[in-house]
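Protein chains in written order, with our numbering: chain S, 82 to 196; chain X, 28 to 141.
What follows is a set of notes on a single structure, which appears directly below.
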């Protein structure tokens, strides 16, 4: 039990649609990040938020966007869905802020299938 | 550009023996390394970490070794137990403050046979 919950657990969308995935972090965890894990691969970093501001981004196009809220919840939005967006999306939160190396705690993930 | 590599997709060991999982990295700016394990239908669970100022960190049955000159780290599990069967991911991050910007390897599936 990591204290990080994601919703929904599974989702099927059509190519071209938009999707919003949600994450609830542990209380006090000011840093949240999102990862995409394709089948047979390790998680790939999408972006990170610290106190509601984006402070790091991986190699993902702008149609991947996010929000972090004061109540330790966050969202990942993906516009214009493509078939290759089908993956497990993981949210991770940590206590540390910029410059502090601490472990990240992952949610169970949302399995997105784009058809 | 895969900066973290786990070249063994799978490993099988007997219960009670040692499991050694390996990981190589290419980015010399990485200064914090972590191991996560993942069971099916669950998110990755943090296992153990090591800072680049150390070459060994131990936590119970789990020990991580870091060889900076070789850009190599390994996870030792001894003794291995059937409950350790899972996919193990190696991850690394840079010291520029984006502490959750971790680069992951593709994972090694460990099977511990009773």
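For glycine and all other residues, C-beta sits at the position ideal for the given N, C-alpha and C.
Three-state secondary structure assigned by DSSP to residue i
i	result
residue 93/X	strand
residue 164/S	helix
residue 96/S	coil
residue 124/X	The predicted position of residue 124/X is uncertain, since its pLDDT is 49 and thus under 50; no value can be drawn from it.
residue 51/X	strand
residue 111/X	helix
residue 32/X	strand
residue 43/X	coil
residue 91/S	strand
residue 66/X	coil
residue 137/X	strand
residue 184/S	coil
residue 103/X	strand
residue 106/S	coil
residue 119/S	coil
residue 171/S	strand
residue 131/X	strand
residue 116/X	strand
Cβ of residue i within 8 Å of any chain X Cβ
i	result
residue 150/S	no
residue 126/S	yes
residue 190/S	yes
residue 185/S	yes
residue 171/S	yes
residue 147/S	no
residue 123/S	yes
residue 137/S	yes
residue 129/S	yes
8 Å Cβ cutoff, residue i in contact with chain S
i	result
residue 56/X	no
residue 70/X	yes
residue 113/X	no
residue 39/X	no
residue 110/X	no
residue 73/X	yes
residue 116/X	yes
residue 101/X	no
residue 76/X	yes
For residue i, the first and last residue of its enclosing beta strand (DSSP E)
i	result
residue 147/S	145 to 149
residue 157/S	154 to 159
residue 137/S	134 to 138
residue 81/X	That residue, residue 81/X, is in no beta strand (DSSP E); it is neither H nor E in DSSP.
From the options, residue whose alpha carbon lies closest to that of residue i
i	options	result
residue 104/S	123/S, 148/S, 120/S, 124/S	148/S
residue 43/X	50/X, 88/X, 65/X	88/X
residue 38/X	73/X, 119/X, 104/X	104/X
residue 107/X	40/X, 82/X, 131/X	40/X
residue 155/S	185/S, 126/S, 119/S, 112/S	112/S
residue 109/X	140/X, 75/X, 70/X	140/X
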